[in-house]
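Take a look at the structure below.
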Amino acid sequence: MKSNVKRREGVVVSSKMEKTVVVNVDHLIKDRLTGKIVRKRKKFYAHDENLQCDVGDYVLIEETRPLSRLKRWRVVEILRKKA
1 MKSNVKRREG
11 VVVSSKMEKT
21 VVVNVDHLIK
31 DRLTGKIVRK
41 RKKFYAHDEN
51 LQCDVGDYVL
61 IEETRPLSRL
71 KRWRVVEILR
81 KKA
């Protein structure tokens with residue numbers, strides 16, 4: 001059975017807020033006019049309950065109910081810590 005929960009992978013760019021991290025998610029698309037590959041970036045505010053994420057960590061986030069005005073995602077796991 002397939003779940004309809006959206007999941008994204010990205011890099012933590014800010015962890016200055018209390019129990020909140022900002023995750024930068026990149027994806028590559030092909031430009032319709034030129035045919036070149038273009039990198040698109042989007043920032044997501046994610047809930048970090050245990051305060052484990054630091055700037056530079058590669059994390060997996062998933063969509064959840066609205067937690068605040070901007071927070072609609074939560075950190076599922078840290079895939080790779082910053083070296």
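For the sequence shown, position 8 (counting from the first letter as 1) is numbered 8 according to the numbering used here, and the numbering increases by one without interruption. Glycine residues also receive a C-beta, built at the ideal position from the N, C-alpha and C atoms. Since the structure is predicted, the reported quantities are computational estimates derived from the model, not experimental observations.
Checklist line | Local Cβ density within 10 Å of G35, reported as buried at 16 or more and exposed below that | finding: Mapped onto the sequence shown, residue 35 falls at position 35. Per the 10 Å Cβ criterion, exposed.
Check: Of all the options R41, E18, K43 and C53, which has the alpha carbon lying nearest to the alpha carbon of A83?
Finding: Within the sequence shown, residue 83 is the residue found at index 83, counting from 1. When each option's Cα is compared against that of A83, the closest is C53.
Notebook entry, point to check: In the DSSP assignment, what residue or residues form a beta bridge with G10?
Noted result: As a first step, residue 10 must be located in the sequence shown, where it is residue number 10. In DSSP, G10 forms a bridge with V59.
Checklist line | N85 (DSSP reduced to helix, strand or coil) | finding: Lying outside 1 to 83, the shown extent of the chain, residue 85 is not represented and no answer is given.
Next item on the list: Go to A46, then tell me how far its beta strand (DSSP E) extends in each direction, as first and last residue.
Entry: Position 46 of the sequence shown, counted from the first residue, corresponds to residue 46. Its beta strand (DSSP E) spans residues I37 to H47.
Item checked: Among R32, H47, L28 and L70, nearest to V38 - alpha-carbon criterion -> Stepping through the sequence shown from its first residue, residue 38 is reached at position 38. Checked all of R32, H47, L28 and L70; the closest Cα to V38 is L28.
Next item on the list: State yes or no: is the C-beta of V12 within less than 9 Å of the C-beta of V76?
Entry: For the purposes of this step, residue 12 is taken as residue 12 along the sequence shown, with counting starting at 1. For the purposes of this step, residue 76 is taken as residue 76 along the sequence shown, with counting starting at 1. No, these two residues do not count as a Cβ contact at 9 Å.
Item checked: For D57 and K81, believed in contact at Cβ under 8 Å, the rounded distance -> Here residue 81 refers to the residue found at position 81 of the sequence shown. Here residue 57 refers to the residue found at position 57 of the sequence shown. Yes, they are in contact, since the Cβ atoms of K81 and D57 sit about 6 Å apart, within 8 Å.
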